[in-house]
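Numbering-wise, numbering that gives the first Met the number 0 puts 115 at position 116 of the sequence shown, and it's gapless, one number per residue.
We put the CB at the ideal spot given by N, CA and C, even for glycine.
Data first, discussion second: the structure below is written as structure tokens.
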Amino acid sequence: MAHPQPPNIIETCHISPTTGTVPSTTLPLTFFDAPWLTLPLADSLFFFSYQNSTESFLKDFVPNLKQSLSISLQHFFPYAGKLIIPSRPDPPYLQYNDGEDSLVFTVAESTETDFNQLKTDSPKDIRVLHGVLPKLPPPHVSPEGIQMRPIMAMQVTIFPGAGICIGNSATHVVADGVTFSHFMKYWMSLTKSNGKDPATVLLPPLPIHSCRNMIKDPGEVGAGHLERFWSQNSGKNSSHVTPENMVRATFTMSRNQIDNLKSWVKEQSENQSPVSTFVVTLALIWVSLMKTIVQDSETEAEDEVFHLMINVDCRNRLKYTQPIPQTYFGNCMAPGIVSVKKRDLLGEKCVLAASDAITARIKDMLSSDLLKTAPTWGQGVRKWVMSRFPTSIAGAPKLGLYDMDFGLGKPCKMEIVHIETGGSIAFSESRDGSNGVEIGIALEKKKMEVFGSILQQGIKKFET
């Protein structure tokens, strides 16, 4: 499709908790937050069907959306705050100033772009989604050289008579996907209640901020990330560099296809133990992606090793005096590097090799003392970064990213936009509620065609 016209901006405003409801607060960064200081923004889009006019949208939907966002930010207030970056050697931290800080909220209308083409699963130019993404304001620098970076921006775009897109852009330093989905579901629940007293609405539990001081760095883990940040810091938020000729597409695996794959892997595995949906689908996607990217004619050694980064949620798993609760607001993910030799990942039993390696890595992480292993995480991540085709995961089916009903029904499409920066696979539950899995990929146009073909061949291979 042709590069779409950007939407018309109707309003740009600032949303914050009501003055006096949240005291001015400073929160330290933990060693889980520090790695994200040098990485690009996290961008997501939620598309909803909406048959009404722009006038109805502005009158009946937007005011409620704003009000419920303001109430939600009373509890998820770091999203309305700033990342403060003092001069070295003082470490960065999060700050919310009551009566001063807010997030930018943009309301827009698009009459030139086909809503159905934006939300299609078929390959589309990665740039088509950029117009409905909010623009995070640039950082402010004080006379003393202290940088103040906004944390989050929101944009809601109306496609009259067709749909609505709710877009989010945020620095990953403040929190991970578990916290983000928690925030979105809280905001969604309030919006759907349409102005009811929050005390009478069934809402998700409140986030917990008080654990940060309990998360102690087990071995100067954060210090290494701070050194890297200071050496790279340009005073700007990291942003996307749009590669040429890139497209993004969405693929779905049904419950039946997943169960067939799980049965095959279990039968072929030496220990005959069951495998999870996440493991087998990730194994198939990783194999298909590597077969797409690696050229048949290349002469690289067969013992070359390919690396995949997965993340394990450390909530309720760290051996502190008290566990970090599931509702903790922040980053709390441990990186795990899955390594498989090229000849195995591209060989006859490639999916089994990938599945076994992913399963073994997860079991190893879950059985270990994650705090004791934390000082070695950086070494594994550096190995991953320096490899030829580093691959990572964005999202997870368990986050329930399609469980976001703002009173319009569940999303008809969700996109994790930042996978286009390269090497990431987007995972979510299938939108039809059938317990399948949805996968998002960004590749060069010709390679996307190859990937689609390889994936479909792989799925058919395991059909019974």
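Three-state secondary structure (DSSP) at residue i?
i	result
R489	Outside the displayed span of the chain (0 to 463) sits residue 489, for which this structure offers no information.
S192	helix
F517	No statement about residue 517 is possible, as the shown extent of the chain runs from 0 to 463 and does not include it.
I309	strand
V162	It is Gly, not Val, that sits at residue 162 in the sequence shown. Strand, per DSSP.
I145	coil
A489	Outside the shown range of the chain, which is 0 to 463, sits residue 489, and nothing can be said about it.
H139	strand
K215	coil
I323	coil
G223	helix
F388	coil
Q294	coil
G394	strand
K318	coil
A333	strand
K81	strand
I458	helix
N7	strand
N270	coil
Q50	coil
I207	strand
V61	helix
T178	helix
A198	helix
S275	coil
K409	coil
F104	strand
G234	Note that G234 scores 48 on pLDDT, short of 50, meaning its location in the model is unreliable; the coordinates nonetheless yield the value given after this. Of the three classes helix, strand and coil, the one that applies to G234 here is coil, per DSSP.
T170	coil
Q94	strand
Q154	strand
S414	The sequence shown places Glu at residue 414, not Ser. Strand at E414.
How big is the Cα-Cα spacing for residue i and residue j?
i	j	result
G346	M403	40 angstroms
S23	S101	12 angstroms
C12	V106	8 angstroms
D89	L26	14 angstroms
P136	S168	10 angstroms
L260	F405	35 angstroms
A441	F46	19 angstroms
Q73	T420	32 angstroms
T320	Q455	49 angstroms
I415	E437	11 angstroms
Q4	S427	29 angstroms
D113	G144	45 angstroms
E243	D124	10 angstroms
M413	G457	25 angstroms
I9	S452	42 angstroms
M213	Q231	29 angstroms
L365	L351	21 angstroms
T17	G98	8 angstroms
K445	W35	32 angstroms
Y401	A300	42 angstroms
D431	N315	31 angstroms
K409	D302	46 angstroms
Q294	S67	51 angstroms
N96	W186	21 angstroms
G394	A373	22 angstroms
In or out: residue i buried (at least 16 other Cβ within 10 Å) or exposed?
i	result
M385	exposed
F158	buried
S55	exposed
P62	exposed
Q50	exposed
L317	buried
N330	buried
V21	buried
R148	buried
P204	exposed
V286	buried
H417	buried
Q464	Residue 464 is absent from the structure shown; the chain starts at 0 and stops at 463.
A198	exposed
T170	buried
H306	buried
* Only counting runs of 3 or more residues, tell me where the beta strand (DSSP E) segments fall wholly within the region 10–45, in order along the chain. => 24–27
* Asked: Which parts of the region 108–136 are runs of the alpha helix (DSSP H), unbroken and 4 residues or longer, counting only runs that do not cross its ends?
  -> 114–117
* Asked: Taking only runs of the beta strand (DSSP E) that begin and end inside the region 422–451, which ones reach a length of at least 3 residues, in chain order?
  -> 423–428 and 436–443
* Asked: Are there three or more Cβ pairs, one per stretch, closer than 8 angstroms when the region 266–281 is compared with the region 355–364?
  -> yes
* To do: Take every Cβ of the region 334–343, pair it with every Cβ of the region 368–388, and state whether three or more of those distances are shorter than 8 angstroms.
  => yes
* Counting Cβ pairs, one atom from each stretch, are 3 or more of them under 8 angstroms apart for the region 247–258 and the region 325–332? -> no
* Completely contained beta strand (DSSP E) runs for the region 337–385, where each covers 3 or more residues -> none
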